[in-house]
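Novice:
Number of protein chains: 6
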Amino acid sequence: MSNTPISRFEPPRLEDLPKDIAERISAVQEKSGFVPNVFLALARRPDEFRAFFAYHDALMEKPGGLSKAEREMIVVATSAANSCQYCVIAHGAILRIRAKNPLIADQIAVNYRKADITPRQTAMLDFAMKVALQAHMVSEADFAALAAHGFSDDDIWDIAAIAAFFALSNRMANVTGLRPNDEFYLMGRVPK
Amino acid sequence: MSNTPISRFEPPRLEDLPKDIAERISAVQEKSGFVPNVFLALARRPDEFRAFFAYHDALMEKPGGLSKAEREMIVVATSAANSCQYCVIAHGAILRIRAKNPLIADQIAVNYRKADITPRQTAMLDFAMKVALQAHMVSEADFAALAAHGFSDDDIWDIAAIAAFFALSNRMANVTGLRPNDEFYLMGRVPK
Amino acid sequence: MSNTPISRFEPPRLEDLPKDIAERISAVQEKSGFVPNVFLALARRPDEFRAFFAYHDALMEKPGGLSKAEREMIVVATSAANSCQYCVIAHGAILRIRAKNPLIADQIAVNYRKADITPRQTAMLDFAMKVALQAHMVSEADFAALAAHGFSDDDIWDIAAIAAFFALSNRMANVTGLRPNDEFYLMGRVPK
Amino acid sequence: MSNTPISRFEPPRLEDLPKDIAERISAVQEKSGFVPNVFLALARRPDEFRAFFAYHDALMEKPGGLSKAEREMIVVATSAANSCQYCVIAHGAILRIRAKNPLIADQIAVNYRKADITPRQTAMLDFAMKVALQAHMVSEADFAALAAHGFSDDDIWDIAAIAAFFALSNRMANVTGLRPNDEFYLMGRVPK
Amino acid sequence: MSNTPISRFEPPRLEDLPKDIAERISAVQEKSGFVPNVFLALARRPDEFRAFFAYHDALMEKPGGLSKAEREMIVVATSAANSCQYCVIAHGAILRIRAKNPLIADQIAVNYRKADITPRQTAMLDFAMKVALQAHMVSEADFAALAAHGFSDDDIWDIAAIAAFFALSNRMANVTGLRPNDEFYLMGRVPK
Amino acid sequence: MSNTPISRFEPPRLEDLPKDIAERISAVQEKSGFVPNVFLALARRPDEFRAFFAYHDALMEKPGGLSKAEREMIVVATSAANSCQYCVIAHGAILRIRAKNPLIADQIAVNYRKADITPRQTAMLDFAMKVALQAHMVSEADFAALAAHGFSDDDIWDIAAIAAFFALSNRMANVTGLRPNDEFYLMGRVPK
Chain A
-12 MSNTPISRFE PPRLEDLPKD IAERISAVQE KSGFVPNVFL ALARRPDEFR
38 AFFAYHDALM EKPGGLSKAE REMIVVATSA ANSCQYCVIA HGAILRIRAK
88 NPLIADQIAV NYRKADITPR QTAMLDFAMK VALQAHMVSE ADFAALAAHG
138 FSDDDIWDIA AIAAFFALSN RMANVTGLRP NDEFYLMGRV PK
Chain B
-12 MSNTPISRFE PPRLEDLPKD IAERISAVQE KSGFVPNVFL ALARRPDEFR
38 AFFAYHDALM EKPGGLSKAE REMIVVATSA ANSCQYCVIA HGAILRIRAK
88 NPLIADQIAV NYRKADITPR QTAMLDFAMK VALQAHMVSE ADFAALAAHG
138 FSDDDIWDIA AIAAFFALSN RMANVTGLRP NDEFYLMGRV PK
Chain C
-12 MSNTPISRFE PPRLEDLPKD IAERISAVQE KSGFVPNVFL ALARRPDEFR
38 AFFAYHDALM EKPGGLSKAE REMIVVATSA ANSCQYCVIA HGAILRIRAK
88 NPLIADQIAV NYRKADITPR QTAMLDFAMK VALQAHMVSE ADFAALAAHG
138 FSDDDIWDIA AIAAFFALSN RMANVTGLRP NDEFYLMGRV PK
Chain D
-12 MSNTPISRFE PPRLEDLPKD IAERISAVQE KSGFVPNVFL ALARRPDEFR
38 AFFAYHDALM EKPGGLSKAE REMIVVATSA ANSCQYCVIA HGAILRIRAK
88 NPLIADQIAV NYRKADITPR QTAMLDFAMK VALQAHMVSE ADFAALAAHG
138 FSDDDIWDIA AIAAFFALSN RMANVTGLRP NDEFYLMGRV PK
Chain E
-12 MSNTPISRFE PPRLEDLPKD IAERISAVQE KSGFVPNVFL ALARRPDEFR
38 AFFAYHDALM EKPGGLSKAE REMIVVATSA ANSCQYCVIA HGAILRIRAK
88 NPLIADQIAV NYRKADITPR QTAMLDFAMK VALQAHMVSE ADFAALAAHG
138 FSDDDIWDIA AIAAFFALSN RMANVTGLRP NDEFYLMGRV PK
Chain F
-12 MSNTPISRFE PPRLEDLPKD IAERISAVQE KSGFVPNVFL ALARRPDEFR
38 AFFAYHDALM EKPGGLSKAE REMIVVATSA ANSCQYCVIA HGAILRIRAK
88 NPLIADQIAV NYRKADITPR QTAMLDFAMK VALQAHMVSE ADFAALAAHG
138 FSDDDIWDIA AIAAFFALSN RMANVTGLRP NDEFYLMGRV PK
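Chains as they are written, first to last, in our numbering: chain A, -12 to 179; chain B, -12 to 179; chain C, -12 to 179; chain D, -12 to 179; chain E, -12 to 179; chain F, -12 to 179.
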């Protein structure tokens, strides 16, 4: 399996990368112990790479009303609805780690309605799925349902923006045939 | 989590079970080290339990042109299409073990078209998904496509019957809220 | 038409059948005056035949909160949603007889929402259709709606199990191209 | 059942009808032995009644490359796809009579792909269903497929126009809750 | 572009038209300054032409509880749902003129839920879309929702009938490849 | 209409904007004569604004195998499939200008299959729509179909990335209720 290409589109050679991109990739490698394939595959297009990760970080790393685990729940649920192998498997790993819960990612990927989550989180995912699958039907009733669970307007923007960003990400991963790194499958499953 | 009910319908007490059912449950516990929840949940209805497992064994345990791992691939792919948490997680575990492959179940659950399987197995799963999702459209062209990959008429019956049996199983698990045992999540993921 | 094969898969010769299966077929022939094709087609696989009819009888013949006509309503409505010619036509006949109503089967097959049934039966079929078509969306709200019509938890299991069993049955009939016997079309239509 | 209203919208009294409409209704009663409910229900709107039946007759009664039975096949198949009780049951009766075949209507209503029809008729119904369900996808490839079965451009117009007219008719019947007359259910089923 | 055929089916020559049809076409040309292509394309079938325009006029030109602009809203919304280029573009023009609003047609064509219309008009279009897309699900709850906005039973018939008539019209335009006249695109956009 | 809010989320005051964002907005105003509402609405979130427009420019403004008009065709077709009012109307205007064709945007928005475009452009839009609606089904056959029309692998990435970026953009516009500026409706429709 180690010889399987990571994407249908050949990634650039590391030595050919612009400096800022090479540095970002080094940093993630140092932190994670490996380079998630999405970094290599998108590096084929430096400007898109920069915009993609700037957008990602603006949504996933900033402070806000949603916990980091909750943001990953949105990624896993909507990426499963889009049948995106890379995102479900990679972000499933991140979700397990951030939620400190080895079961949650598989539960949410298959059917979040039956996962071990709170009613507030179910409402969050109901809305994220509506954004992913039929955003044109979103109405004031959806905002009211979220407000009843204590979500602010900015929280709602965050939920929508994460679902929307992974609508982009899932499509790119599916078209490019982006392969999840083998490392992701076991991450966060075995208690340390 | 250990106190979460295994099903929306209360399972019978072990001591109240008919003898043949109690014996089957003992046997599986001895073999697996735990009792998969499907056995306890269905034991609420002894006649249905007997028919269910007789049918299951007739399809999954008998000899035939499909390997046991391939049969589990059909279960995982179609159960994911039906968003059945119990079946994806429990049979994902069995698939990992039977295929001796820690990655295959997650790949197939999310998008079998991009899994590490052979073209013959992809054709098998294309057909299984058609049986699961739009069996009324099955035509001679589907039989011909399978025959071109070397599947016999009896193999085709097997593929269809497994997809059909889990159409039943997925629906019962979804309605009863059947919870996958915690043990399944990690099974077959760590090389021994 | 009498020479049209009853199934895409050649049925076994009667003289080759295991004794228990031959006896079951004789019994049904004696009772009905003909052998419904499903018995012959499934006899190709004796173990599956036995499990199939054991399951069928456990759901359709036992006592319970649903009348036998109501169980056949579930079969007809969900089989029509699955475009299963054999099940709609054969069980339509049985429904006409059990309900003593020559119109009810055609009404339910096309649009049960406009059939001559009670609101309780409409609620029953709403749920059966949800089990047939999107069981993963079943939630406590569905159980509450049924309870409001007086259905017990065991009745709800029965509705779900019948819809689930015919999810299996419809798929097998569609894949095998199972042909309804000519006798079914007129049964129960002409007052005696 | 004889007291069930024929439509959600009260039909006009026969004595209040414009003369031409009263005559048309008398004529059909004389010919059929009863008045199909569609005549009474639409008479509530005389101008729409006249346009409706003028359109109907222009498509269903004129000479052309499609036999009258074939035209009724299109009605039954597309009306079943639209879950229109009135049209499936009433035109099912007409189809049985015109095709002199007591089985054909039920077969086509449930799944025309498995009905006792010719490959040419299957191609005709494939196209009619595409017109009924996704006309915006019709392309030159569809015309070529029909031409290969000997359909002329005017035959293709006829197939499309019948499917389109019953798209209208099915919607009106569904919204008005138009009830099929009891007489239709048995018509054409019993050999004379 | 001026040489692009107006339809996949060759229209008749003007000099060959029956007198009543020629006169209708002359009248519309005098009034509009050009002949909308639907008149030429349908003239290929004089009887269908007559029934089509009689039906059209009975619904769109008569007095009633819906304003003429509201009727065109129904046409534009449902025709967009059916991806009918001719009807969206031609009736979009008529809607702009009748509503004296240069923005409304494009808004409704893309997503009527976000158009500059009243809640009553939104309810009207919700129902029209249900008739267009899933008329078999229409129930008393839909009638009650419309009544709450002041729509009478006859208004509801009108909404349904317009949606149903354009279900027919959209399908014919899509199958015949009916081309919108260039004149429609700009009509009603520029204040006079 | 001039008092209608431009978004459900209140946009920031211009004087509160970070300098780089204020400058970008000034520049677009100078060039276009007005500020498209998307700039104001997204400015509520400066980091997301920067990433969004960096991504947009990387895809829409760079050189490449697709003409600028073709890129806008992709935006209009996929945004119509997502029922996104802002994107269809705003990018429809840009498409009319870039293609110097006053008809093309409306044609593509309603049904690109019947628009005045080349077979190569139809193939491009077929693929873009697959990316927008079912990217998980993209396979080597899609790449081959595009290659047959002369598209390079990098062109295919561009088509996919534009469809994916507007999957994000459409969802944000739909959730935020982003209103198209009145100016867009008429742009590019009147020959100068």
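Note that CB positions come from ideal geometry on N, CA and C, so glycine has one too.
Let me know if M(-12) of chain B comes out buried or exposed under the rule of 16 or more other beta-carbons within 10 Å of its beta-carbon.
Specialist: Note that M(-12) of chain B scores a pLDDT of 45, beneath 50, so its modelled location is shaky; the value from the coordinates is reported in the next line. By the 10 Å Cβ count, M(-12) of chain B comes out exposed.
Novice: With a threshold of 9 Å between beta-carbons, can L4 of chain A be considered close to chain F, or not?
Specialist: No, its Cβ sits nowhere closer than 9 Å to a Cβ of chain F.
Novice: Quick one, which of A:R11, A:L53, A:F114 has its alpha-carbon nearest R37 of chain A's?
Specialist: Nearest C-alpha to R37 of chain A: A:R11.
Novice: Short of 9 Å Cβ to Cβ, which residues in the segment 71 to 92 of chain A face chain F?
Specialist: Within the segment 71 to 92 of chain A, the qualifying residues are C71, Q72.
Novice: Show which residues of chain E have a CB atom less than 9 Å away from the CB atom of L1 of chain F.
Specialist: Within 9 Å Cβ-Cβ: nothing; L1 of chain F doesn't reach chain E, min ~25 Å.
Novice: By DSSP, does M(-12) of chain E sit in helix, in strand, or in coil?
Specialist: The pLDDT assigned to M(-12) of chain E is 46, lower than 50, so where the model puts this residue is not dependable; a value taken from the coordinates is nonetheless given after this. Residue state, collapsed to three classes: coil.
Novice: Y67 of chain E versus chain F: which residues are under 8 Å apart at the beta carbon?
Specialist: The displayed chain sequence assigns Ala, not Tyr, to residue 67 of chain E. Correct list: V97.
Novice: So what does DSSP say about V25 of chain A, is it helix, strand or coil?
Specialist: If DSSP states are grouped into helix, strand and coil, V25 of chain A belongs with the helices.
Novice: Pick from B:F114, B:S19, B:R166: whose alpha carbon is nearest that of N(-10) of chain B?
Specialist: Residue B:R166 is the option with its Cα nearest to N(-10) of chain B.
Novice: Name, going along the chain, the residues of the segment 3 to 30 of chain C whose beta-carbon falls closer than 9 Å to a beta-carbon of chain D.
Specialist: Per Cβ criterion, the list is empty.
Novice: Below 7 Å on C-beta distance, what does Q94 of chain F contact in chain E?
Specialist: Within 7 Å Cβ-Cβ: Q72.
Novice: Could you give the C-beta distance for R85 of chain D and Y172 of chain C, rounded to a whole number, given that I count them as a contact under 8 Å?
Specialist: No, R85 of chain D and Y172 of chain C are not in contact; Cβ-Cβ is about 17 Å, not under 8 Å.
Novice: Quick one: which unbroken beta strand (DSSP E) runs of 3-plus residues sit fully inside the segment 25 to 99 of chain A? Chain order, please.
Specialist: Entirely contained in the segment 25 to 99 of chain A, not one beta strand (DSSP E) run reaches 3 residues.
Novice: How would you list, in chain order, the residues of chain I whose beta-carbon sits under 9 Å from the beta-carbon of V177 of chain F?
Specialist: Absence of chain I from the displayed structure is noted, the protein chains being A, B, C, D, E and F.
Novice: Which residues in the same chain as V75 of chain A place their Cβ atom closer than 7 Å to its Cβ, once the five residues preceding and following it in sequence are excluded?
Specialist: Cβ neighbours of V75 of chain A beyond the five flanking positions: V63, S66, A67, A96.
Novice: Checking contacts by CB at 9 Å: is M(-12) of chain E closer than that to chain F?
Specialist: Note that M(-12) of chain E has pLDDT 46, beneath the 50 cutoff, so the model's placement of it is unreliable and the number below is only indicative. So, interface residue.
Novice: Quick check on V63 of chain B - is its C-beta less than 9 Å from some C-beta in chain C?
Specialist: It does not; no Cβ of chain C falls within 9 Å.
Novice: Which residue spans inside the segment 96 to 155 of chain D form an unbroken alpha helix (DSSP H) run of at least 4?
Specialist: 106 to 121, 127 to 134, all fully within the segment 96 to 155 of chain D.
Novice: Is the distance from the Cβ of F114 of chain D to the Cβ of A147 of chain D below 9 Å?
Specialist: For F114 of chain D and A147 of chain D, yes; Cβs fall inside 9 Å.
Novice: What residue from A:E59, A:G52, A:I91, A:N69 has the CA that sits closest to H78 of chain A's CA?
Specialist: Among A:E59, A:G52, A:I91, A:N69, the Cα nearest to that of H78 of chain A belongs to A:E59.
Novice: Does DSSP classify M174 of chain D as helix, strand or coil?
Specialist: Correct three-state label for M174 of chain D: coil.
Novice: Could you tell me which chain C residues have their CB closer than 7 Å to the CB of K101 of chain D, listed as they occur along the chain?
Specialist: Neighbours of K101 of chain D on chain C, chain order: Q72, G164.
Novice: If you measure from the CB of E2 of chain C, is any heavy atom of the ligand MN nearer than 8 Å?
Specialist: In the structure on display, the ligand MN does not appear, and there are no ligands present to speak of.
Novice: Just how far apart, CA to CA, sit P106 of chain B and E48 of chain D?
Specialist: P106 of chain B and E48 of chain D: Cα-Cα distance of roughly 52 Å.
Novice: Quick check: the Cα distance between V125 of chain A and A134 of chain A, rounded to an integer number of angstroms?
Specialist: Near 14 Å, if we compare the C-alpha coordinates of A134 of chain A and V125 of chain A.
Novice: Which of the three DSSP states, helix, strand or coil, is assigned to R11 of chain F?
Specialist: In the structure shown, R11 of chain F sits in a helix (DSSP, three-state: H, G or I).
Novice: Looking only at its own chain, which residues have a Cβ that is under 7 Å from the Cβ of A132 of chain F, when we skip the five neighbours before and after it?
Specialist: A110, listed in sequence order.
Novice: Can you list the residues of chain A that D169 of chain B reaches, using a CB-CB cut of under 8 Å?
Specialist: Correct list: L90.
Novice: Does any residue of chain E have a CB that is nearer than 9 Å to the CB of T(-9) of chain F?
Specialist: True, the Cβ-Cβ gap to chain E drops below 9 Å.
Novice: For A28 of chain E, does the count of other Cβ atoms within 10 angstroms reach 16, so buried, or fall short, so exposed?
Specialist: Classification for A28 of chain E: buried.
Novice: Any chance the segment 16 to 24 of chain D sits against the segment 0 to 17 of chain E, with 3 or more Cβ pairs inside 8 Å?
Specialist: Because the criterion of three Cβ pairs below 8 Å is not met, the segment 16 to 24 of chain D and the segment 0 to 17 of chain E do not touch.
Novice: Would you please verify whether the beta carbon of R32 of chain F is less than 9 Å from any beta carbon of chain A?
Specialist: It does: the Cβ of R32 of chain F has a partner Cβ on chain A nearer than 9 Å.
Novice: Can you name, in chain order, every residue of its own chain whose Cβ lies under 8 Å from the Cβ of G52 of chain C, other than the five neighbours on each side?
Specialist: So the list reads F138, S139, D141, D142, D145, once near-sequence residues are dropped.
Novice: Rounded to whole angstroms, how far is the Cβ of C71 of chain B from the Cβ of A160 of chain B, which I believe are closer than 8 Å?
Specialist: With a Cβ gap of about 5 Å, C71 of chain B and A160 of chain B count as contacting.
Novice: Go ahead and pull the three-state DSSP assignment for R0 of chain B.
Specialist: Coil.
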